[in-house]
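For the record, in the sequence shown the residue sitting at position 123 is 122 according to numbering that gives the first Met the number 0, with numbers rising by one throughout.
Ideal Cβ placement from N, Cα and C applies to all residues, glycine included.
What you are looking at is a predicted structure, and each value in this text was computed from that prediction instead of being measured.
Notes follow the structure.
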Amino acid sequence: MDTAIGVFTSRDRAEEAIKDLIAKGVPQNEIVFLTQSEREATEFAKEVGGFAGGFLGGTVGMAAGAAAIALALVPGVGQVYALGVGAAALFGFLGARTGSAAGKALSHDEAGVHPTAGVTASEDVATLLEVLKRGHSVIVVRTESPKVAAAACSVLDREGPVAQATAPKKLRITTRQVEGISVIDISGRVVLGEGNVLLRETVTELVNKGNTSVLLNFSEVDYLDSSGIGELVRTHATVRKHGGRLKLSGLIPKINDLLVATSLHKILDIHKDEAAAIKSFSSASSATA
């Protein structure tokens, strides 16, 4: 399953991205739009719904032109509105309890904004939705199809603040241990296909073996696409789910600027270099001792 994430500061650009995704053949049930604004959610539903037809699905009364799910999230995040037939599946991926509640909200027969009260989000949900707290809206595409994933990335990379690509460079990933920390050295481009899958497999193998203090050395990463952004969100959630800590170091300016533009720098623990990141693991351990 590939996940591509686009972050938008403009509802108009997000609307165009949704329309482009559908025009390129991305199934509507694999697209979800997230916002904290009820007004933006309802206006977006009317605009895109008229174009997309079944984007929100008959189960929520698309004929009336507006529908959304409201979720009560962890303190500090607030309510989030999710539009799209695939919303329940997305929240099921991010957190089982939230996914169940979202599914119930989708079963309403009348159109409108449906609040799902009392839903507690997991840390996984907060990882992604914290971006919304920074005033952005988010489009998420999750798919099993490599062709669909490529089409989604082509749209989200163009519309979102993704770092511009340099000449193709084959991805290389190696791991080493430094003071009990699993350091993953990444060289090349973290993109759809080999890049995001290799990173996912490397992290999964480490945490399954009990190595839950993980440092991603990005000093030789020169490009990150929308699928790579999705993989960072997934990786952060995976490590935290296992009770671990994930840090990044050595980001080149354009990758750092990308994470700032998407507000992921507020969520991911980023350090200037490897030495500072390694030291921060020890400092955090001392503080909790």
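Check your understanding: Rounded to a whole number of angstroms, what is the C-alpha to C-alpha distance between T174 and I185?
Key -> Indexing the sequence shown from 1 puts residue 174 at position 175. Indexing the sequence shown from 1 puts residue 185 at position 186. Rounded to whole angstroms, T174 to I185 spans 9 angstroms at the Cα level.
Practice item. Could you give the DSSP three-state label for A63: helix, strand or coil? Key: Along the sequence shown, one-based indexing puts residue 63 at 64. Note that A63 scores a pLDDT of 34, beneath 50, so its modelled location is shaky; the value from the coordinates is reported in the next line. A63 falls in the helix class under three-state DSSP.
Check your understanding: Just how far apart, CA to CA, sit R33 and V196?
Key -> In the sequence shown, counting from the first residue as 1, residue 33 sits at position 34. In the sequence shown, counting from the first residue as 1, residue 196 sits at position 197. Per the sequence presented here, residue 33 reads as Leu, with Arg not at that position. Going by the C-alpha atoms only, they are around 25 angstroms apart.
Check your understanding: With respect to the beta strand (DSSP E) encompassing T174, which residues constitute its N-terminal and C-terminal limits?
Key -> Numbered from 1 along the sequence shown, position 175 holds the residue referred to as residue 174. Taken as a continuous stretch (DSSP letters only), the beta strand (DSSP E) holding T174 covers 171-177.
Review point. Where do the N-terminal and C-terminal ends of the beta strand (DSSP E) with N216 fall, by residue?
Key: Numbered from its first residue, the sequence shown carries residue 216 at position 217. Element bounds for N216: 212-223.
Review point. Are A16 and G5 closer than 8 angstroms when you measure CB to CB?
Key: Along the sequence shown, one-based indexing puts residue 16 at 17. Along the sequence shown, one-based indexing puts residue 5 at 6. Cβ atoms of A16 and G5: closer than 8 angstroms.
**Study point:** Cβ-based burial, R233 [other Cβ within 10 Å; buried from 16]
**Key:** Here residue 233 corresponds to residue number 234 of the sequence shown, with the count starting at 1. By the neighbour-count rule (16 or more Cβ atoms within 10 Å), R233 is buried.
**Study point:** Closest by C-alpha distance to E273, when choosing among K253, K265, K246
**Key:** Sequence index remark: in the sequence shown, residue 273 carries index 274 (1-based). The candidate whose alpha carbon is nearest that of E273 is K246.
Practice item. Using the Cα positions of S218 and T237, report the straight-line distance between them to the nearest angstrom. Key: By 1-based counting over the sequence shown, the position of residue 218 is 219. By 1-based counting over the sequence shown, the position of residue 237 is 238. Distance between the alpha carbons of S218 and T237: 22 angstroms.
Practice item. Please name the residue in S225, V147, T201, G242 whose C-alpha comes closest to that of R157. Key: Locating residue 157 in the sequence shown gives position 158, where the first residue counts as 1. Nearest option by C-alpha distance: S225.
Review point. Is it the case that the Cβ atoms of S136 and E46 are separated by a distance below 8 angstroms?
Key: The residue given as residue 136 occupies position 137 in the sequence shown. The residue given as residue 46 occupies position 47 in the sequence shown. Result no, Cβ atoms of S136 and E46 do not sit closer than 8 angstroms.
Exercise for review: Assign E143 to one of two classes, buried (16 or more other C-beta atoms within 10 Å of its C-beta) or exposed (fewer than that).
Suggested key: Start at 1 with the first residue of the sequence shown, and residue 143 comes out as number 144. So E143 ends up on the exposed side.
Practice item. Please check the pair L214 and I172, which I expect to be a contact at CB under 8 angstroms, by giving their CB distance rounded to whole angstroms. Key: Translated into positions along the sequence shown, residue 214 becomes position 215. Translated into positions along the sequence shown, residue 172 becomes position 173. The Cβ separation is near 13 angstroms, so there is no contact.
Review point. In the DSSP assignment, what residue or residues form a beta bridge with F43?
Key: Here residue 43 refers to the residue found at position 44 when the sequence shown is read from its first residue. BP columns for F43 are empty, so no partner.
Check your understanding: Considering only residues of the same chain and omitting the five flanking positions on each side of R244, which have a CB-CB separation below 8 angstroms?
Key -> Within the sequence shown, the letter at position 245 stands for residue 244. The answer, listed in chain order, is T211, S212, V213, V238, D268, F280, A283.
Check your understanding: For I251 versus D221, is the C-beta spacing smaller than 8 angstroms?
Key -> On the sequence shown, position 252 is the one that residue 251 refers to. On the sequence shown, position 222 is the one that residue 221 refers to. Yes.
Check your understanding: Would you call the CB atoms of I30 and E178 closer than 8 angstroms?
Key -> As a working note, residue 30 is residue 31 in the sequence shown. As a working note, residue 178 is residue 179 in the sequence shown. No; because the gap between Cβ atoms is not below 8 angstroms, this pair is not in contact.
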